[in-house]
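Structure first, commentary second.
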Amino acid sequence: MSEPLAILLQHGYRYALSLAHHVAKAEDLLQDAWVAVIQAGGPYEKGYLFCAIRSRFYNLHKRELLVPMEPLESVVEPAHDSINVNYEDDFEDPRLEVALSQLRGIEREVLYLSAVEGYTAQEITAITGQARGTVLSMLNRTRKKIQRYFSANEVKVVSHE
Amino acid sequence: MSEQDVTDKAVKDYYQKKSLPAEKLQQLMDVAQLAGKKPDAEVVNWKSRWLMQRNVSIAASLLLAVLVSFQWMNVEPTQQQLVASIAKEIAINHRKQFASDFSEASYAGLSQVMSKLDFKLVDSERLKSKGFEILGGRYCSLSGHIAAQVRLRNSVGEIFTLYQTSSHETFEALTEHVARAKGVDIEMWSEGGVFLGIAG
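Chains as they are written, first to last, in this note's numbering: chain S, 1 to 161; chain D, 1 to 200.
In structure tokens:
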């Protein structure tokens, strides 16, 4: 087995998982995209595979695109100055999985591209077609959503007071 | 570690623990193989890319060599022909040993009397150390350009003729040359915007 191709496929799978947040759907997305890449004769590159996965995901979920975006200004962030995440501990998978499941596909996608793939906001803009400002605010809001989820469930939350 | 970093690290850990099942991965690799793509397509791509770059480099080098050869073939013979032509002209003038029309004993004096020259005669640095005595000068031509022939005599009484003409574009391409034409040794060079040739 060729490691570069295997690694490429694993990256593709994780990206598909970030979009669909469903194992079977992610596998199907990857398979469809992979066949398309092969039929096109490559290139066998992450950017190209991601693009193929993304277009298939949003073709299957066009209805999601019709949902109007919620402007950041309209979102009232609850005050959580008094609580902080205990940075010494890591999040545990089951809880994070629930938190991620409550996010929209685009939010998980942007977070995945930033936190896992290490893409810059500008690069994410190129991949997702979102404005840079939207990407940055979405990243900020998504992180806060996850942090709020843990805070609301009183998990690993410590007070500095 | 900031709140943002902790969240990002948790998300990264979460996704990195996820992986495509081995059988599914193998299945996708097999699909690639069935479609005629080698499993190591990535490696092959790099290899073919490297081979292509190497071939392009070789082709570019060959093309450059051909161009340089053509340039040499075009320029070098022309310059050689020009050198031979001027040397021959100088040798003919030298062998005629015409008497001087102006009997000045200095370059400055010759420049004054040879008013048709479109340049000023130079007292060559190269010849100063050789102790030539100026016997006189006359007009002549080199490659169709007006020139001065200056008769010189060295310390043992041998006669030399020096030719000076303005460095027209005909002579600009010429650097220093030593030639022999019609049994005469000729040295050519440029100095102070003037082309010089001495025969003896």
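Glycine is no exception: its CB is placed at the ideal position from the N, C-alpha and C atoms.
C-alpha gap between residue i and residue j, whole angstroms
i	j	result
Glu163 (chain S)	Leu63 (chain D)	Missing from the structure shown is residue 163 (chain S); chain S here goes from 1 to 161 and no further.
Ala152 (chain S)	Ser18 (chain S)	23 Å
Leu9 (chain S)	Gln16 (chain D)	13 Å
Ala148 (chain D)	Glu133 (chain D)	16 Å
Gln33 (chain D)	Arg95 (chain S)	39 Å
Leu5 (chain S)	Val66 (chain D)	42 Å
Ser115 (chain D)	Gly183 (chain D)	33 Å
Gln112 (chain D)	Gln81 (chain D)	34 Å
Phe160 (chain D)	Thr78 (chain D)	28 Å
Ser137 (chain S)	Arg148 (chain S)	16 Å
Lys62 (chain S)	Ala20 (chain S)	13 Å
Residue i, buried or exposed, once every other Cβ within 10 Å from all chains shown has been counted against 16
i	result
Asp123 (chain D)	exposed
Ala94 (chain D)	Reading off the sequence, residue 94 (chain D) comes out as His, not Ala. By the neighbour-count rule (16 or more Cβ atoms within 10 Å), His94 (chain D) is buried.
Gly193 (chain D)	exposed
Ala35 (chain D)	exposed
Ser61 (chain D)	exposed
Asp81 (chain S)	With a pLDDT of 39 at Asp81 (chain S), under the threshold of 50, the modelled position of that residue is not reliable, and the figure given next carries that caveat. By the 10 Å Cβ count, Asp81 (chain S) comes out exposed.
His11 (chain S)	buried
Ile7 (chain S)	exposed
Thr120 (chain S)	exposed
Val150 (chain D)	buried
C-beta atoms of residue i and residue j nearer than 9 Å
i	j	result
Val110 (chain S)	Thr128 (chain S)	yes
Val31 (chain D)	Val35 (chain S)	yes
Ala33 (chain S)	Leu49 (chain S)	yes
Ala179 (chain D)	Val83 (chain D)	yes
Leu121 (chain D)	Tyr139 (chain D)	no
Arg54 (chain S)	Tyr13 (chain S)	no
Phe98 (chain D)	Gln164 (chain D)	no
Lys145 (chain S)	Glu97 (chain S)	no
N-terminal and C-terminal residue of the alpha helix (DSSP H) that residue i is part of
i	result
Thr161 (chain D)	Not the alpha helix (DSSP H): Thr161 (chain D) falls in the beta strand (DSSP E), residues 159-166.
Phe50 (chain S)	46-60
N-terminal and C-terminal residue of the beta strand (DSSP E) that residue i is part of
i	result
Val184 (chain D)	184-191
Phe171 (chain D)	Not the beta strand (DSSP E): Phe171 (chain D) falls in the alpha helix (DSSP H), residues 169-172.
Gln4 (chain D)	Taken as a continuous stretch (DSSP letters only), Gln4 (chain D) belongs to no beta strand (DSSP E), being part of the alpha helix (DSSP H) at 3-17.
Arg180 (chain D)	177-181
### Message
Assess contact between the stretch 182-190 of chain D and the stretch 130-145 of chain D, defined as three or more Cβ pairs (one per stretch) separated by less than 8 Å. Is contact present?
### Response
no
### Message
With three or more beta-carbon pairs closer than 8 Å as the criterion, would you say the stretch 168-184 of chain D touches the stretch 101-110 of chain D?
### Response
no
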